[in-house]
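*Asks:* Please read through the structure below; I'll follow up with questions.
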Amino acid sequence: MFKAVLFDMDGVIIDSEPLHHKAYQGMFREVGIRVPDTLYESFTGQATLAICKALVTHFKLRQSPQQLVNIKRSIFKHLFFNDPDLQLISGVLECIKDYHKNELTLVLASSASMITINNVFSRFDLNQYFKAKLSGADLKASKPHPEIFLKAAEASGYAKEECMVIEDSTNGIKAAHAAGIYCVAFKSPHSKNQDYTLANKVISDFKEIAYAAFNVAFNE
């Protein structure tokens, strides 16, 4: 039986991908680049700074990665408070409440900035359910590096063998796999062309990993 669940945020808890897409596209227009869908999709799950470093290198931009980050975050901040598209993923709040009620320890391990994490948690009143929140933007390495999940497991107070990761991106799944932590891949309709082959289990509905289903779902 797992004792802690390590949640990704974008594409797992929050349906923020449409807003991130709009923010990135706005930033792309501002710096004058056209990013192919295949390249954009390869960035899913990575921290903004890591993405912007890759863009500066790929397009030989005169702006620094941090300048790109600032442009993107400014656009995203406006969208966060004004765009009605921002919603929780269907079924995830019930899953979070179910786990919390059954005394599982919940930790957030997201590539988003801590400012964005705190804004999301405040808007949807999620702080009451989570023991800790970790931002990949504060770490040395971005997903698919395992650092964030190893630190999240440590923050939970349990051994990594007692933890489970819920992820939706190729990079996040690779990070969980590299950390040696059981990983559930959520097939989010908002994360296109992601690779779930390294996940231990793939779901399309959070009811599939309800607490009552643990013994069945994780002993298959």
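Each residue of the sequence shown is one higher than the one before, counting from 2 in the numbering used here.
Ideal Cβ placement from N, Cα and C applies to all residues, glycine included.
Could you give the DSSP three-state label for F125: helix, strand or coil?
*Replies:* coil
*Asks:* Report all residues from its chain with a CB closer than 7 Å to the CB of E31; omit the five preceding and five following residues, and keep chain order.
*Replies:* I72
*Asks:* For N120, which residues in the same chain have their Cβ closer than 7 Å to its Cβ, ignoring the five residues on either side in sequence?
*Replies:* F81
*Asks:* Could you check the C-alpha separation between K54 and S65 for me, to the nearest Å?
*Replies:* Pairing K54 with S65, the inter-Cα distance amounts to about 8 Å.
*Asks:* Using CA atoms only, rank isn't needed, just tell me which of G92, L56, I15 and Q26 is closest to S205.
*Replies:* G92
*Asks:* Helix or strand or just coil, what does DSSP make of A186?
*Replies:* strand
*Asks:* Note down the Cα distance separating K202 from A186, rounded to an integer number of angstroms.
*Replies:* 6 Å
*Asks:* Once you ignore the five residues that flank L62 on each side, which residues in its own chain have a CB closer than 8 Å to its CB?
*Replies:* V32, I34, L56 and L69
*Asks:* Does the Cβ of F194 have 16 or more other Cβ atoms within 10 Å, making it buried, or fewer, making it exposed?
*Replies:* The question names Phe, but residue 194 is Asn in the sequence shown. With fewer than 16 Cβ atoms within 10 Å of its Cβ, N194 is classed as exposed.
*Asks:* If you measure between the beta carbons of D169 and S143, is that distance less than 8 Å?
*Replies:* no
*Asks:* Nearest by alpha-carbon distance to L7: which of I90, D84 and A177 is it?
*Replies:* A177
*Asks:* In three-state terms, what does DSSP make of M10?
*Replies:* coil
*Asks:* Taking 8 Å as the threshold (beta carbon to beta carbon), is E95 in contact with chain D?
*Replies:* As a matter of chain content, chain D is missing from the structure shown, which is built from one protein chain.
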